[in-house]
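This report concerns only the one structure given below.
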């Protein structure tokens, strides 16, 4: 009888505080975070500058236009179109990804020197994006169901109130044993991430260093991924970013991979 | 409307040293040149002009030349587009195996250790693309026939069944506009697979010989049509490729002319997979099945090597990126399952900076018979170096 009475009470309390982050489960926070981080707007056009910086300070630059469009349900299918400006040996190359929830993506690369489009065999989880410290998964998102998420604590980063979430992969295939994410309570963007290896040692750190509002979507304009072990790091800056620019479905086809329309790469 | 103009290009040195002995003409290098390339692009939508021109100095033959690699004008509209001029067209899903890619190749470039882009030659023609939605179409017309380029007999040891006949005349089909080559590709997605159908009507790019007198022969390019299809998609945690084509040898349909290749069915199966970070494995199996084989056997002239009914090849490609993908180790091998011959091509490429890269590799030929596809080059092993500054 006592048990019967307390259950509705718990539900009522949960409903009362449902607007606050504290009431959200770790899974819900991660879902909101992924939506805010990787899916804002109907589409995105961003000119991206990537600096690969070695321990000794040597820099390599990769500059590209990234066009992204969302399809279907929230946090589901996405298509990416990337055009490379720099370095010179990949200039004019284009790269297209069809990303699906829960299974590996389809990828195509266009090599202008021989006018050839070919599919690329790559697995999201273990592939570095253009040699940077970011993996494909870091760029386009990891399947949240592959990890167990738990709320660790609340912590402030700078002026931002964050919830710290621990995400541990359910399968042993990943090179890290768990990841800590500092999720901003206001924007749900990840402000910091720490990756711990199998020995429990910190080896990779992500930080969102500049956040700007673009058409009402808080957007990370500058981010850094640093490999603690190698000393190598990659800094990614959005030189320009815009949402809801009206990217047509037809852009994501072999035709435009071979001849990217000028207006999308300017 | 002001045109948007861009200028890029490179300068490079490219050297390939013999490791298995001298060339037939006694020289030590298969290739030795310095080259500069300019890529000029001007866009004023819906038009675009593109010119890719090379200037080079050949240290072996001691001459300098200009070469127009590509030069074309594009027109683009929503439903269709056109490209007119010298252009490179690449079809098919094979990795260095070509069935429906009937466009000209430069095998001398490939065997001499030149950068991979020089394997493909441009064609002088027009391409029209149409995109009605249910499928995409590429129509191609090439009025000026361009043959494949094979290794220079002064630089490569290779098999020639009529080597004693030195009086040779080449007959090209390009003097007559009625002999325009035509090709069509129709493609679309079918259940997650990139699916293409191909048609070609033109000429074999490999010459056939015709002995017109005991001391004179003509080289000509026999009529050829190709009908084919390909599929490529994600399967078995990797990428699966399938391609097939029927080679209709229109001048020798019954297979009785020993100088013209018989009709053939060609097919390949390829599989590519990432095994660990930055490492990819690619495997291919390829076959050529000769039609009218009994006629071929019956009419083969005595003293000529006899081909098998089924000619099979396997290839392997291993590729590992290192140092944040600035270094690439690769190994590619052809192995003739029918003949036991091979070509091995290991290579290391390193980007010293974002603008400068160097590649060092080798071509090792052997096995099989002295007339086998790769076996005939057994004395042509070479080590090559490519150094390029790109801007």
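Protein chains in written order, with this note's numbering: chain A, 137 to 402; chain B, 753 to 1143. Glycine included, C-beta positions come from ideal geometry on N, C-alpha and C. Note that the coordinates shown come from a computational prediction; the quantities given were computed from them, not determined experimentally.
Assign residue i to one of two classes, buried (16 or more other C-beta atoms within 10 Å of its C-beta) or exposed (fewer than that).
i: residue 1073/B; result: buried
i: residue 294/A; result: exposed
i: residue 1053/B; result: exposed
i: residue 176/A; result: buried
i: residue 903/B; result: buried
i: residue 1103/B; result: buried
i: residue 220/A; result: buried
i: residue 919/B; result: exposed
i: residue 284/A; result: exposed
i: residue 992/B; result: buried
i: residue 263/A; result: buried
i: residue 966/B; result: exposed
i: residue 988/B; result: exposed
i: residue 1116/B; result: buried
i: residue 1042/B; result: buried
i: residue 194/A; result: exposed
Are residue i and residue j touching if we call contact CB-CB under 9 Å?
i: residue 948/B; j: residue 866/B; result: no
i: residue 815/B; j: residue 224/A; result: no
i: residue 201/A; j: residue 227/A; result: no
i: residue 1056/B; j: residue 1095/B; result: no
i: residue 994/B; j: residue 1022/B; result: yes
i: residue 888/B; j: residue 938/B; result: yes
i: residue 197/A; j: residue 215/A; result: no
i: residue 957/B; j: residue 975/B; result: no
i: residue 370/A; j: residue 362/A; result: yes
i: residue 235/A; j: residue 209/A; result: no
i: residue 390/A; j: residue 247/A; result: no
i: residue 325/A; j: residue 173/A; result: yes
Where does residue i sit, in a helix, a strand or coil, going by DSSP?
i: residue 911/B; result: coil
i: residue 789/B; result: strand
i: residue 296/A; result: strand
i: residue 925/B; result: helix
i: residue 855/B; result: coil
i: residue 276/A; result: helix
i: residue 390/A; result: helix
i: residue 160/A; result: coil
i: residue 402/A; result: coil
i: residue 192/A; result: coil
i: residue 262/A; result: helix
i: residue 774/B; result: coil
i: residue 165/A; result: helix
i: residue 281/A; result: helix
i: residue 797/B; result: coil
i: residue 1095/B; result: strand
i: residue 1045/B; result: helix
i: residue 780/B; result: coil
i: residue 996/B; result: strand
i: residue 137/A; result: Residue confidence for residue 137/A is low, a pLDDT of 40 falling below 50, so the modelled location carries little weight and cannot support an answer.
i: residue 143/A; result: Reliability of the predicted coordinates at residue 143/A is poor, the pLDDT of 48 falling under 50, and no value is obtained from them.
Enumerate in chain order the residues of its own chain whose CB-to-CB distance from residue i is below 7 Å, with the five nearest sequence positions on each side excluded.
i: residue 925/B; result: 897, 931, 955, 973
i: residue 345/A; result: 358, 359, 360
i: residue 157/A; result: Per-residue confidence for residue 157/A stands at a pLDDT of 48, beneath the threshold of 50, marking its modelled position as unreliable; no derived number is given.
i: residue 1086/B; result: 1065, 1067, 1094, 1095, 1126
Within its chain, find whatever has a CB closer than 6 Å to the CB of residue i; leave out the 5 residues flanking it on each side and keep chain order.
i: residue 1005/B; result: none
i: residue 861/B; result: 870, 871
i: residue 383/A; result: 179, 203, 205
i: residue 963/B; result: 969
i: residue 377/A; result: 182, 350, 355
Looking only at its chain, what residues have a beta carbon closer than 8 Å to the beta carbon of residue i, apart from the 5 residues adjacent to it on each side?
i: residue 170/A; result: 211, 277, 280
i: residue 1051/B; result: 1007, 1008, 1009, 1010
i: residue 905/B; result: 776, 912
May I ask you to check if the CB of residue i is nearer than 8 Å to at least one heavy atom of the ligand MG?
i: residue 382/A; result: For the ligand MG, the structure offers nothing, since it holds no ligand at all.
Using a Cβ-Cβ cutoff of 7 Å, what residues of the region 834-853 of chain B are near chain A? List them in chain order. Contact annotation: in the region 834-853 of chain B, residues whose CB is within less than 7 Å of a CB in chain A are 840, 841, 842.
Which residues, in chain order, does the region 350-370 of chain A contribute to contact with chain B at a C-beta distance below 8 Å? Taking 8 Å as the Cβ-Cβ cut-off against chain B, the residues of the region 350-370 of chain A that qualify are 368.
Interface positions of the region 1006-1030 of chain B facing chain A (Cβ-Cβ less than 8 Å), listed along the chain: For the region 1006-1030 of chain B, the residues whose beta carbon sits under 8 Å from a beta carbon of chain A are, in order, 1024, 1025, 1026, 1028, 1029, 1030.
Which residues, taken in chain order from the region 785-805 of chain B, show a beta carbon closer than 7 Å to some beta carbon of chain A? Cβ contacts with chain A: 795, 797.
Selection of the region 223-236 of chain A by Cβ proximity to chain B, strictly under 8 Å: Listed by position, the residues of the region 223-236 of chain A near chain B (Cβ gap below 8 Å) are 223, 224, 225, 227.
Selection of the region 189-217 of chain A by Cβ proximity to chain B, strictly under 7 Å: Per Cβ criterion, the list reads 196, 197.
If the cut-off is 8 Å on Cβ atoms, which residues from the region 876-900 of chain B count as contacting chain A, listed in chain order? Of all residues in the region 876-900 of chain B, 881, 883, 888 have a Cβ within less than 8 Å of some Cβ in chain A.
So if I threshold CB-CB distances at 7 Å, which residues from the region 243-266 of chain A count as touching chain B? So the list reads 249, 250, 251, 252, 255, 257, 258, 259, 262, 263, 264, 266, given in the order they occur along the chain.
Taking any Cβ of chain A, which residues in the region 1120-1143 of chain B have a Cβ under 7 Å from it, in chain order? Sequence-ordered contacts of the region 1120-1143 of chain B with chain A read 1142, 1143 [C-beta pairs closer than 7 Å].
Please name the residues in the region 297-329 of chain A whose beta-carbon is closer than 8 Å to at least one beta-carbon of chain B, in chain order. With the criterion set as a beta carbon lying under 8 Å from some beta carbon of chain B, the region 297-329 of chain A has no members that meet it.
At a Cβ cut of 9 Å, what residues of the region 1100-1115 of chain B count as close to chain C, listed as they run along the chain? In the structure shown, chain C cannot be found, because the protein chains are A and B.
Where the region 974-995 of chain B meets chain A: residues whose CB sits under 7 Å from a CB there: Cβ contacts with chain A: 984, 986, 990, 991.
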